[in-house]
Amino acid sequence: MASIVVVGAQFGDEGKGKIVDLLAEKADLVVRFNGGNNAGHTVVVQGKKYKFHLLPSGALQGKKCLIGAGVALDPLVLKEEMKQLEGEFSPKLLIDPRTQIIMPWHNALDGAKEAAKGKAKIGTTGRGIGPCYADRANRAGIRFCDLVDAERLREKIEEGFAENENVLKKVYNAEMPVSKEAIFAEYNALGKEFAKSMADVSMEANRALNEGKSVLFEGAQGTFLDNDFGTYPFVTSSHPIAGGIFTGVGLGIRKIERVIGIVKAYTTRVGEGPFVTELEGRLAESVREKGQEFGTTTGRPRRVGWLDLVLLRTAARLNGFTEIALTKIDVLSGMKTIKVCTGYKCNGKLLKELPADLELLSECAPVYREMPGFEIKGSEKKFGNLPKEAREYVAFIEKEVGVPASIVSVGPDREETIVR
Ligand code: IMP
0 MASIVVVGAQ FGDEGKGKIV DLLAEKADLV VRFNGGNNAG HTVVVQGKKY KFHLLPSGAL
60 QGKKCLIGAG VALDPLVLKE EMKQLEGEFS PKLLIDPRTQ IIMPWHNALD GAKEAAKGKA
120 KIGTTGRGIG PCYADRANRA GIRFCDLVDA ERLREKIEEG FAENENVLKK VYNAEMPVSK
180 EAIFAEYNAL GKEFAKSMAD VSMEANRALN EGKSVLFEGA QGTFLDNDFG TYPFVTSSHP
240 IAGGIFTGVG LGIRKIERVI GIVKAYTTRV GEGPFVTELE GRLAESVREK GQEFGTTTGR
300 PRRVGWLDLV LLRTAARLNG FTEIALTKID VLSGMKTIKV CTGYKCNGKL LKELPADLEL
360 LSECAPVYRE MPGFEIKGSE KKFGNLPKEA REYVAFIEKE VGVPASIVSV GPDREETIVR
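Per numbering that gives the first Met the number 0, the very first residue in the sequence shown carries number 0; after that it's consecutive.
In structure tokens form, the structure reads like this:
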């Protein structure tokens, strides 16, 4: 049995797509367990860029791609993504009947709620994620098994439309963007199109593991966007931590062997919320440009900052990392010195892990260790050939996080990866 989990160790956008693409080569199944098209994965194959939001990144390896119950699925986006691959790749797609469907009113509510919050906004991706998961918790969601059944879909749309039109109008003074009839016609057609993909993903994944097959679980977003353990309320509405797999797929907790935390060599964040090691000015701009730190989903410039070991130690505990994959170390290439945050100074105390209370966090100042810079070439294949200073940077992270860095990515292309 080989069960590997890939999760983001920071605020998302750590480069999970590339690592999943690499690992997917040896996997039989690739399963997504959380989030929706708020995610954005970029995979570069021989210079050609592919962008995914919903499909597991393993799609480019022609693997069986599974979408688990914990995902919020926008079928319009899925249709577009399948079209993007037409003629080149034909992934076998399976969708769990329990998967929640994002409806047009979720998008409208996401926008209306953010607008109403004004300065206190979360900075969501506007993809209807929060309202969709709220409906799930309220037991008012439309699931994939409803989407594929015309009669049930009509009933669910009747209910959902009426209630959400009311909320939009009365609470937010906003309009429902599309008519009920148009929604039914479009979603009914989508249901028909994807009906053949319906399969119990929990059963499929468990069966594969019991047969000794290799299953790769692909997390979206990152640890500190977790609905419980992230920087609440500046989080997403699902569970990107490794624990999210058990409820997001339907898997026993003893089934996982390897948990790979994807760590970007510095930190980025999109949207609002605390960011202790954030940089501003020219240095931030140059890292943003060099690392192409612009959202895959919304195109927003990402906030950038130094690597934060307080976050990484916390992430190692929350996810139970067995190893990490360090990405984008090449982006730091050419700097004279590099800073790493080793702790937070907070009201006279030194914190080594992230506090739960954002008020306390707002009083924290980073404590840095300054390390010598290095030059890295993307073509480098052997870890031992990297400059001594780069190896020391990696070793310092390994020591602080407590697990080895089994993969070091030195450039965006599939080829620019050191597997140790
Ligand atoms: P939502 O998930 O669209 O509700 O957005 C909530 C927060 O999570 C916002 O700060 C988003 O920018 C952030 N977020 C959601 N998905 C991603 C992602 O895939 N990468 C990075 N940030 C994300």
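Yeah, the Cβ is synthetic: ideal placement off N, Cα and C, and Gly gets one too.
Assumed close pair residue i, residue j - CB separation to whole angstroms, cut-off 8 Å
i: N340; j: V303; result: A quick correction: the sequence has Cys, not Asn, at residue 340. C340 to V303, Cβ: 13 Å. No contact.
i: T267; j: E292; result: 5 Å
i: D95; j: I128; result: Incorrect: roughly 18 Å between the Cβ atoms, too far for contact.
i: I3; j: R257; result: 5 Å
i: P239; j: N33; result: 6 Å
i: P371; j: E388; result: 5 Å
i: G218; j: G243; result: 7 Å
i: V30; j: K62; result: With a Cβ gap of about 10 Å, V30 and K62 do not count as contacting.
i: E478; j: L77; result: Here the chain comprises residues numbered 0 to 419, so residue 478 is not present and cannot be evaluated.
Backbone secondary structure at residue i - three-state DSSP
i: P55; result: coil
i: A71; result: strand
i: M102; result: coil
i: G347; result: coil
i: M81; result: helix
i: E174; result: coil
i: V44; result: strand
i: G159; result: helix
i: S408; result: strand
i: L325; result: strand
i: A194; result: helix
i: Y49; result: strand
i: A364; result: strand
i: V234; result: coil
i: V402; result: coil
i: F293; result: strand
i: T222; result: helix
i: V330; result: helix
i: I375; result: coil
i: L359; result: helix
i: G11; result: coil
i: L311; result: helix
i: N384; result: helix
Spatial neighbours of residue i in its chain, beta-carbon cut-off 7 Å, leaving aside the 5 residues before and after
i: L59; result: D20, V42, V44, Y49, F88
i: S213; result: A1, K25, A26, D27
i: R153; result: F183
i: R287; result: P300, R301, V303
i: I100; result: L72, P74, I141, R142, F143, L146
i: A111; result: L167, Y171, A173
i: T226; result: The sequence as given places Asn at residue 226; Thr does not occur at that position. Cβ within range, chain order: V234, T235, S236, S237, H238.
i: G294; result: G39, V269, R301
i: G7; result: E13, K15, G218, Q220, G221, T222, P239, I261
Cβ neighbours of residue i in the same chain (closer than 6 Å, five flanking residues each side left out)
i: L108; result: P130
i: L349; result: G342
i: P176; result: P103, A107
i: R97; result: A68, R142
i: R126; result: N36, N37
i: D145; result: R151, L152, K155
i: G11; result: Q220, G221, L224
i: A324; result: I18, I259, I261, I406
i: T230; result: F223, G272, P273
i: C345; result: E362, C363
Residue(s) in a DSSP beta bridge with residue i
i: K338; result: E369
i: F216; result: V4, V30
i: M202; result: DSSP output for M202 lists no bridge partner at all.
i: S285; result: According to DSSP, which records beta bridges pairwise, S285 is partnered with nothing at all.
i: I66; result: R31, I94
i: R142; result: Q99
i: G260; result: V6, I323
i: T266; result: G304
i: V418; result: I406
i: E277; result: G304
Contacting residues, own chain, Cβ-Cβ under 8 Å from residue i (five flanking each side not counted)
i: F327; result: According to the sequence provided, residue 327 is Lys. The question's Phe does not apply to it. G14, K263, A264, Y265, G290, S408, listed in sequence order.
i: V275; result: G304, D307, V309, C340, Y343, L360, C363, A364, P365
i: E399; result: L308, L311, R312, T341
i: A194; result: V147
Any non-hydrogen atom of the ligand SAH within 7 Å of residue i CB
i: K48; result: In terms of ligand content, the structure shown lacks the ligand SAH and carries the ligand IMP instead.
Below-8 Å beta-carbon distance, residue i vs any chain B residue
i: D412; result: Absent here is chain B; the protein component of the structure consists of one chain.
The ligand IMP site residues, beta-carbon cut 5 Å against heavy atoms:
G11, D12, N37, A38, G122, T123, T124, I128, G129, Q220, L224, T235, V269, G270
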